[in-house]
Structure formats: structure tokens, C-alpha cells
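Here the structure is laid out as C-alpha cells; the discussion comes afterwards.
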Amino acid sequence: MLDLPCVIFAGGRSSRMGEDKALLPFGDFTTLTEFQHSRLSKIFKTVYISCKNRNKFSFDAYYIEDIQTENVYAPTIGFISAFKELKEDAYFAISVDAPFINAAIIKELMKSDEKSFDATISKTQQGMQPLCGIYHRSLEKKFLAMLKNDNHKLGFLLKESNTHFVPFKDEDSFLNLNHPDEYKKALQLLTHC
Numbered sequence: 011m012l013d014l015p016c017v018i019f020a021g022g023r024s025s026r027m028g029e030d031k032a033l034l035p036f037g038d039f040t041t042l043t044e045f046q047h048s049r050l051s052k053i054f055k056t057v058y059i060s061c062k063n064r065n066k067f068s069f070d071a072y073y074i075e076d077i078q079t080e081n082v083y084a085p086t087i088g089f090i091s092a093f094k095e096l097k098e099d100a101y102f103a104i105s106v107d108a109p110f111i112n113a114a115i116i117k118e119l120m121k122s123d124e125k126s127f128d129a130t131i132s133k134t135q136q137g138m139q140p141l142c143g144i145y146h147r148s149l150e151k152k153f154l155a156m157l158k159n160d161n162h163k164l165g166f167l168l169k170e171s172n173t174h175f176v177p178f179k180d181e182d183s184f185l186n187l188n189h190p191d192e193y194k195k196a197l198q199l200l201t202h203c
């Protein structure tokens with residue numbers, strides 16, 4: 011099992027889905043979040059769930075509630091809250107809506123990471139995958155500056171930092187459940203796994 015903490019980002023607005031995707035049923039689990047927590051707990055020693063309010067979940071886990079900010083649903087808040095909560099110098103960040111990112115991808119990112127990097131992030135032909143990678147504490151001040159400036163573009167932060175991008179060819183593993191049709195596709199993929 012990996013010592014690096016894992017943080018599942020489950021605090022988004024889910025505006026494109028039309029309902030809170032973190033709470034959608036998935037596989038044998040009541041929610042997508044519980045599915046992610048269960049499978050990632052087999053890879054990482056410690057898994058946290060980054061969210062606005064832990065009360066929306068009905069299962070036991072380590073939760074990191076977002077620092078209080080009004081009407082900001084960007085992952086920026088989750089990153090700041092995680093750095094505040096965790097003692098480690100780095101953690102693995104993954105989106106709740108990416109249920110097919112597997113142990114092989116995670117281990118490849120871990121193997122490619124170095125302490126001198128600000129981040130080690132996966133990249134596919136679709137582009138960078140900012141919510142699948144390792145973030146180092148060297149980025150904490152930049153995240154605080156982003157919040158202060160009301161700039162929440164992770165892509166910009168990563169391009170302006172010492173980021174190591176790791177290429178992956180398998181697009182299906184990086185399927186994000188942003189729209190109802192992607193959720194349906196994910197449910198079909200799950201039955202064929």
C-alpha cells in the first residue's frame with residue numbers, strides 16, 4: 011500500500027450533471043464517493059474525502075471540509091484545505107468522478123514523481139488531467155494567491171509551475187462523469203470490468 015495520502019475531491023457543484031454526482035449510485039455502492047473510497051483504500055494507506063459538508067455522506071471515512079468561502083466550488087478550496095489539514099509534503103489528488111483511474115496509473119505517477127517537482131500530473135491526448143496527480147506543498151502559497159485573486163484555473167497553475175506531465179494512452183481510464191451520458195457510459199463500462 012502507498013504511504014502518500016490520497017484526497018478524493020467531491021466538493022464540486024455538478025452543474026453539468028444536473029445533480030450531485032458525488033451522491034450518484036455506482037456499482038454495488040450507494041454513492042460514487044463510497045465506490046471511490048472503497049477501491050482507493052486498497053491502494054493507499056490513508057484516503058480522505060474533500061467536500062463542502064461531510065453530512066451529505068452516510069459512510070465512515072476521513073473527511074476534509076472546505077475552509078469557509080462563499081459561492082466558490084472550484085477545487086482550489088479543496089487543495090488549500092487539504093494542505094492545511096495534512097502534515098505530509100505531498101498528496102495524491104483524484105476527482106470523485108474519475109472511477110476508472112487504476113492502480114497501474116497511480117503507481118506510474120508515483121514512480122515518475124520527484125521531490126523537486128511542484129506536481130506530477132497525468133496527461134492524455136485530450137490534455138492534462140489536473141485531478142489525477144501528486145501535488146507538493148511548494149504549491150500551497152500559489153493556491154492561496156489564486157483564491158485571493160479569484161483565479162481557479164488549475165491548468166494555468168500547472169503550466170506556470172514546475173510540473174512533470176506523465177503521458178497515458180488509455181482515454182477510457184480517464185473518463186470523467188460530467189454529463190448524464192458519461193454517467194451512463196461509466197455504468198456500462200463498469201459491468202464489463
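Under the numbering used here, the residues of the sequence shown are numbered 11 to 203, in order. Ideal Cβ positions, reconstructed from N, Cα and C, are used throughout, including at glycine.
Of the listed residues the options, nearest to residue i (C-alpha basis)
i           : options              : result
residue 55  : 92, 16 and 85        : 16
residue 33  : 178, 49, 11 and 61   : 61
residue 58  : 47, 68 and 67        : 47
residue 72  : 153, 19 and 172      : 19
residue 88  : 125, 63 and 12       : 63
residue 163 : 190, 117, 65 and 86  : 86
residue 107 : 13, 78 and 45        : 45
residue 198 : 168, 167, 91 and 110 : 110
residue 170 : 152, 159 and 179     : 152
residue 158 : 24, 68, 49 and 90    : 90
Chain-order list of residues whose beta-carbon lies under 7 Å from that of residue i (same chain, five-residue window excluded)
i           : result
residue 150 : 93
residue 177 : 133
residue 189 : 26 and 27
Buried versus exposed call for residue i [16 or more other C-beta atoms within 10 Å across all chains shown]
i           : result
residue 156 : buried
residue 146 : buried
residue 140 : buried
residue 21  : buried
Cβ-based neighbour list, residue i, same chain, cut-off 6 Å, excluding 5 preceding and 5 following
i           : result
residue 130 : 119, 122, 123, 143, 144 and 174
Helix, strand or coil at residue i according to DSSP, with G and I counted as helix
i           : result
residue 178 : coil
residue 146 : strand
Short CB-CB distance (under 8 Å) between residue i and chain C
i          : result
residue 35 : Protein chain content of the structure displayed is limited to a single chain, and chain C is not contained in it.
Residues near residue i by beta carbon distance below 8 Å, same chain, minus five either side
i           : result
residue 192 : 185 and 186
residue 136 : 181 and 184
What are the start and end residues of each continuous alpha helix (DSSP H) run of 4 or more residues lying completely inside the region 52-134, in chain order?
-> Listed in chain order, the complete alpha helix (DSSP H) runs (minimum 4 residues) inside the region 52-134 are 85-95 and 113-122.
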